[in-house]
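Visitor: Mind having a look at this structure? Questions to follow.
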Amino acid sequence: MFANFTAEKKRFWILVLIVSISGFSQGMLLPLISIIFERDGVSTSLNGLNATGLYLGTLLIAPFVERPMRRFGYKPIIVFGGAIVFMSLFFFPLWKSVMFWFILRLFIGIGDHALHYATQTWITSSAPPGRLGKNVAIYGLSFGLGFAIGPLLVPLLNISESLPFIVSSLLCLFAWSFVFFLKNDKPEPIQINQHGNTWVRYGRTLKYAWVAFLPPLVYGFLESSLNAIFPVYAMRNNFDISMLSITLAAFSIGGIITQVPLGTIGDKIGRRRVTLVALGGGSAMFFIGSFLETNAMLVLIIFLIAGMFCGSVFSLGISYMADLTPKELLPTGNLLCSIFFSIGSLSGPFLGGAFVQFIDASFLLLIAGLVFCVFLISFFFGKDTRQQLN
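Going left to right, the sequence shown walks through residues 1 to 390 as my numbering numbers them.
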């Protein structure tokens, strides 16, 4: 499959394949379990709280991943993460329980974080400066493509509740097996006296690039709330399940369409400008969508256009962080991107579930408000290039 590629190209495309299947499993899992629980009469708040298991797992493992990766390299971390993900997916059909599924989602979060952190850092550390934005955009594109296809498997529920989990598990196993063809590598050595202490590294990285961590936070909130809570909200507004799956996929497809173009434009005119356009446009589309949600077709179009704006903010945030951060601090910067993504992802189902249950207003207004707040912060406090810290 990769026989005619150079070692660098083979590594890059294998990492892209792994991430795409991971995106596929996440894209399927969030709406699938939300719909199963809604059918079984589980409350919206408990449904949303259960969805946070995935992101709680990423936060639990986050402080412990950087040191092993610096010591052992990228490959062992990817092997560890991928194994946990496909095994957890395989266990879902064995016992249908809210608590058991929460624990499995917790483990998937742990595995996904290890896998994404290692692949993301490997790509940003090895990309040529002129291709950083494009390479990270392709990385984001692969995840988005998988995430877009994932919800399309939800109608398999009509055949068997177990079938979507089994298909996803086998696909993850297939993609994960390719990592064994890669030669291991390690991150750039750190300067011990300058960045040796973990908290010192966190503090210095935040000083360099704190504004770049806000787009991953927004994307985490969008991804989790749209896929875990919007299905519940939509079903209560009489959306058809098949139409709901297509609508969720439309947001990811919008991101796929613009992912590489926005990344390439960011290489030329600056990541901050492109990020501001993405956040401003996405906020406007969700605000407009809040007035059109009785028409399923118009909501689908709004999700597609909103995805074209906001579907790239995670990869734009990673590239922006890499612009602002010294190379030896890139693993720490990637870790903080993942942590901020997880914080957004954790708050999405919890706040979204509470919003739907207790507030009589459009769910899309909550999304629009958060995205607009981050747009304002980035507009007034963002910077374009790395600044020297004393």
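Quick reminder that beta carbons are idealized off the backbone N, C-alpha and C, glycines included. All values derive from a computational prediction rather than experimental measurement.
#1: Going along the chain, which residues of its own chain have a beta-carbon closer than 6 Å to the beta-carbon of Y233, five neighbours each way excluded?
#2: Return the first residue and the last residue of the alpha helix (DSSP H) that W210 is part of.
#3: Between which two residues does the alpha helix (DSSP H) harbouring D240 extend?
#4: What does the alpha-carbon distance come out to for the pair R70 and S160?
#5: So, with DSSP's three-state summary, where would you put I35?
#6: Expressed to the nearest angstrom, what Euclidean distance is found between the alpha-carbon atoms of G82 and R273?
#7: Is the beta carbon of I367 closer than 9 Å to that of L248?
#8: Under a Cβ-count criterion, where at least 16 other Cβ atoms within 10 Å of its own Cβ denotes burial, should I35 be classed as buried or exposed?
#9: Hey, is the stretch 19-27 in contact with the stretch 323-332, meaning 3+ C-beta pairs nearer than 8 Å?
#10: Please state the DSSP three-state secondary structure of S20.
#11: In three-state terms, what does DSSP make of E223?
#12: Quick check on the DSSP output: what are the complete alpha helix (DSSP H) runs of length 4 or more inside the stretch 354-381, in order along the chain?
#13: Could you tell me which of G48, P68 and L59 sits nearest to S342, measuring between CA atoms?
#14: Just the Cα atoms here: how many angstroms apart are A280 and L336?
#15: Could you give the DSSP three-state label for S25: helix, strand or coil?
#16: What would DSSP say about V79, mapped onto helix, strand or coil?
#17: Got a sec? Which residues, its chain only, sit under 6 Å from F80 by beta carbon, not counting five neighbours each side?
#18: With a threshold of 16 other CB atoms inside 10 Å of the CB of P164, please say whether the residue is buried or exposed.
#19: Alpha carbon to alpha carbon, what distance is there between W101 and R44?
#20: Looking at the unbroken alpha helix (DSSP H) that takes in K134, where does it start and where does it end?
#21: Quick one: grab the DSSP three-state call for S97.
#22: Answer yes or no: do G266 and Y320 have a C-beta to C-beta separation smaller than 9 Å?
#23: Let me know the secondary structure DSSP gives V65 once reduced to three states.
#24: If we ignore side chains and look at the alpha-carbon of each, how far apart do F381 and A209 end up?
#25: Name the residue from K268, R271 and I305 whose alpha carbon lies nearest to the alpha carbon of F286.
#26: Please state whether DSSP places L153 in a helix, a strand or coil.
#27: So, with DSSP's three-state summary, where would you put I265?
#28: Rounded to whole angstroms, what is the Cα-Cα separation between S338 and P63?
#29: Using 10 angstroms around the beta-carbon of L132, count the other beta-carbons present and answer buried if the total reaches 16, otherwise exposed.
#30: Please name the residue, chosen from L29, S347, S345 and I14, that lies closest to A175 on a Cα-to-Cα basis.
#31: Could you check how far apart the C-beta atoms of G146 and G255 are, in whole angstroms? I think they sit under 8 Å.
#32: Identify every run of the alpha helix (DSSP H) within the stretch 289-339, keeping only runs that are complete inside it and at least 4 residues long; order them along the chain.
Guide: If we stick to the structure as given:
#1: V356 and F363
#2: Element bounds for W210: n/a, residue is neither H nor E.
#3: Segment: none, D240 is in no alpha helix (DSSP H) and carries neither H nor E.
#4: 43 Å
#5: helix
#6: 35 Å
#7: Contact flag unset, no.
#8: With a threshold of 16 other beta carbon atoms within 10 Å, I35 meets it and is buried.
#9: no
#10: helix
#11: helix
#12: 363-381
#13: Across the set G48, P68 and L59, the C-alpha of L59 shows the shortest separation from the C-alpha of S342.
#14: Before going further, note that residue 280 is Gly rather than Ala in the sequence given. G280 and L336: Cα-Cα distance of roughly 24 Å.
#15: helix
#16: In this structure, V79 counts as helix in the three-state DSSP scheme.
#17: A114
#18: buried
#19: For the sequence presented, residue 44 should be read as Thr rather than Arg. The alpha-carbon atoms of T44 and W101 are separated by roughly 16 Å.
#20: L132 to I149
#21: If DSSP states are grouped into helix, strand and coil, S97 belongs with coil.
#22: Result yes, Cβ atoms of G266 and Y320 sit closer than 9 Å.
#23: coil
#24: 11 Å
#25: I305
#26: helix
#27: helix
#28: Roughly 11 Å separates the two Cα atoms.
#29: buried
#30: I14
#31: About 12 Å separates the two Cβ atoms, so there is no contact after all.
#32: 296-310 and 313-324
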